[in-house]
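To start, the structure under review is shown below, and the notes come after it.
Protein chains in written order, with our numbering: chain P, 1199 to 1596; chain A, 55 to 434.
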């Protein structure tokens, strides 16, 4: 009998991980012992947190914590099923009703995560013979969603409406459906997509609009209602996609739009249909987050006061903070090595902010990305600013 | 990590330009008589000076070069001392033979890159020796610089060299193009594609994780383009496709198991080669039998020409008959980084005007992925 040499089924796991380590590309997971707080304990060291998405510090808000506990007490720890079969609890539908009201849209739907929205819904909205037109700097989860479709893809230059119009003109002749997708707030630079203009162009060409407002939800627009409110075009963007994981301080993805959109989405999105629904505690906290945003405007105000102060001071030191219009403030230092060094030194001095380098941003635009938090005091900001100034001078950045 | 750079200057490159000659190939005496002065040394020194302003550890870079103005003098001027001279030209006025002989000597030392200063003629001479053995980078100094191996300016070349020494750039195809000078002096302007060398290019990155990117090789990107073209061939089954010149189209054809002429145009029908290396006359003949045609082409050379430099078989008459809407332009994204504007120069003003009115072209840059690129019709 011939001896068959079996392949080593698991060898690649170690090989590929080792390769990542060799190239310094592996994730070094940092452990937060404190929860995500303005002052967090990261890998055993107390630091001022400038890289969480917990913009409004709602994850620590007593009403959200209580909302989670009360919902767990009332409905239990888990939901028991996927939404489509027996996992839709009353509290899920309550969140959706409240969310639609908050977003000033006809309807809304909660997904398990933001990624589940993009990878589940986009492939249903377009197919063969259609085209997705996408900003060149869109976030990875959008790109993955688009890769799952049989539709053609076309890119337009970042926030460039003339370029979008050129692509639309070409697409108009060739395709059945046209879907324009853009991030609302771009997470590397903190700039905002001109959704008012995108919607106007889309209407001219009969195209559908889809915005990923993950970094705008809870941050921009009246009381943090997001990009629709920011441009006063609530209900006019066909799909407003967002997340409960960032400023809302909980977890979960969402869409807001027409009832037709919601009916279509939950019947067709495989990610929604095939994942277990949120545990009641998550929904309880989501509900409380909407309550807080509707009744306590001070959180959004403080976030912006902090942002404006921090930006102004950084600029006065001579730092380049790019084109940011939001609480994401890049501190552009240029060289990748310098950005990494600055980040390490900041951590040593008690400030936690991560470097972003090529190819996530251009080679000469390496940076520290800071994300503001409403829970930080002026004293905290002055402490962080003092470190930025000192290290910026030490490293000859300013 | 240490890098070995072969460095070669063609001291007479570019001398014809200011005195109205389209090159110095074969006409150096005439150029000198007309008062031409050498400019290559100055260009090379400009570039080297730029390079020396970057934070580079010069001890890690070994320069392998030639004596006199063919490299050593330029390195001396900017104070680069870690060098090795491996060739001395025979006479004070150097010739194409000097370039070729120096190249052979440099090649024997197995450098990582050959940096040269000259024009298309110099690039061609070097290519005859080097072929695809090592990558080439050109400091623009000639009269003609259509080849894809040149930096756009001396500063751009210095930056590319820096990125190469830092191992941030990768190796990809670069076209060697040149004016047919004998034809030119008879009054005909024809830029031909002479071959595909190795150049240095910006890699294409794909996002594979939240902040994890992988660079993909140029060949992988071209495989994706081939998948796209395969879909098009299957969609337009009763159309003839003209596979034009250049490395990108050649790669696509090979991936689809279609025989292809690297430096020529082939006619393809239902995924099979219909006619090989066709000229204008043959294309016009084929058009009678196959009236529905798609032209598949890719920008070639440093200046992003899709029509008018190389692909000369696509005469205005051919393009008019096929129709602008039936031109499919494919390109690797790395190529568009260096040539963000595409150019046409068909030789027919009315046709050029139609392209100019269009202003932009959709370019396929990946599988079912395209973007708009600006189109210019100014002549170079």
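Cβ atoms here follow ideal geometry from the backbone N, Cα and C, with glycine treated the same way.
{"Check": "Residue closest to residue 1561 of chain P, alpha-carbon to alpha-carbon, out of A:329, A:402, A:167, A:216", "Outcome": "A:216"}
{"Check": "Cut-off 7 Å between Cβ atoms - residues of its own chain near residue 1239 of chain P, not counting five sequence neighbours on either side", "Outcome": "1230, 1231, 1232"}
{"Check": "Neighbourhood of residue 1655 of chain P by C-beta, 8 Å cutoff - its chain only, sequence neighbours within 5 removed", "Outcome": "Residue 1655 of chain P is absent from the structure shown; chain P starts at 1199 and stops at 1596."}
{"Check": "Continuous beta strand (DSSP E) stretch holding residue 1557 of chain P: start and end", "Outcome": "Run containing residue 1557 of chain P: none; DSSP gives neither H nor E here."}
{"Check": "Pairwise C-alpha distance: residue 1538 of chain P and residue 1395 of chain P", "Outcome": "37 Å"}
{"Check": "Proximity below 8 Å, CB of residue 1234 of chain P to CB of residue 1478 of chain P", "Outcome": "no"}
{"Check": "Beta carbon of residue 1365 of chain P nearer than 8 Å to that of residue 1331 of chain P", "Outcome": "yes"}
{"Check": "Residue burial classification, residue 1275 of chain P (beta-carbon count within 10 angstroms, cutoff 16)", "Outcome": "exposed"}
{"Check": "Residue 417 of chain A beta carbon less than 8 Å from that of residue 383 of chain A", "Outcome": "yes"}
{"Check": "Per-residue burial, residue 1219 of chain P [other beta carbons within 10 Å of its own, 16 or more giving buried]", "Outcome": "exposed"}
{"Check": "Pairwise C-alpha distance: residue 1211 of chain P and residue 1463 of chain P", "Outcome": "36 Å"}
{"Check": "Distance between residue 163 of chain A and residue 434 of chain A (C-alpha atoms, nearest Å)", "Outcome": "Any reading at residue 434 of chain A is ruled out, since the residue's pLDDT is 38, under 50, leaving its predicted position unreliable."}
{"Check": "Any C-beta of chain A under 8 Å from that of residue 1389 of chain P", "Outcome": "no"}
{"Check": "Cutoff 8 Å: residue 1436 of chain P Cβ touching any chain A Cβ", "Outcome": "no"}
{"Check": "Backbone CA spacing between residue 1314 of chain P and residue 229 of chain A [nearest angstrom]", "Outcome": "45 Å"}
{"Check": "Spatially closest choice to residue 352 of chain A from A:364, A:131, A:346, A:343, by CA coordinates", "Outcome": "A:364"}
{"Check": "Backbone secondary structure at residue 134 of chain A - three-state DSSP", "Outcome": "coil"}
{"Check": "Enclosing alpha helix (DSSP H) for residue 1592 of chain P [first to last residue]", "Outcome": "1576-1592"}
{"Check": "Any chain A beta carbon closer than 8 Å to residue 1537 of chain P", "Outcome": "no"}
{"Check": "Cβ-based contacts, 7 Å cut-off: residues of the region 411-434 of chain A near chain P", "Outcome": "414, 416, 422, 423, 424, 425, 426"}
{"Check": "Contacts that residue 1364 of chain P makes with chain A (C-beta to C-beta distance below 7 Å)", "Outcome": "414, 426"}
{"Check": "Closest by C-alpha distance to residue 221 of chain A, when choosing among A:56, A:374, A:102", "Outcome": "A:56"}
{"Check": "Chain A contact for residue 1353 of chain P (CB, 8 Å cutoff)", "Outcome": "yes"}
{"Check": "Boundaries of the alpha helix (DSSP H) in which residue 1507 of chain P is found, first to last residue", "Outcome": "1496-1515"}
{"Check": "Reference residue 194 of chain A; option with closest CA among A:257, A:94, A:123, A:184", "Outcome": "A:94"}
{"Check": "Under 7 Å by beta carbon: chain A residues contacting residue 1503 of chain P", "Outcome": "Here the premise fails: no neighbours, minimum Cβ distance about 30 Å."}
{"Check": "For residue 1451 of chain P and residue 1310 of chain P, believed in contact at Cβ under 8 Å, the rounded distance", "Outcome": "7 Å"}
{"Check": "Check whether residue 143 of chain A and residue 120 of chain A have beta carbons under 8 Å apart", "Outcome": "yes"}
{"Check": "Run of the beta strand (DSSP E) containing residue 295 of chain A, from where it starts to where it stops", "Outcome": "294-297"}
{"Check": "Minimum Cβ-Cβ distance from residue 1394 of chain P to chain A less than 8 Å", "Outcome": "no"}
{"Check": "Burial state of residue 1376 of chain P, where buried means 16 or more other Cβ atoms lie within 10 Å", "Outcome": "buried"}
{"Check": "Of the residues A:161, A:389, A:128, A:133, the one placed nearest residue 140 of chain A, counting alpha carbons only", "Outcome": "A:161"}
{"Check": "For residue 1566 of chain P, the residue or residues it bridges with in DSSP", "Outcome": "P:1529, P:1553"}
{"Check": "Whole runs of the alpha helix (DSSP H) within the region 141-212 of chain A, excluding any shorter than 4 residues", "Outcome": "150-162, 174-184"}
{"Check": "In DSSP terms, what residue 1434 of chain P is bridged to", "Outcome": "According to DSSP, residue 1434 of chain P bridges with nothing at all."}
{"Check": "Same chain only: Cβ atoms within 7 Å of residue 1397 of chain P, ignoring 5 sequence neighbours per side", "Outcome": "1407, 1431, 1434, 1435"}
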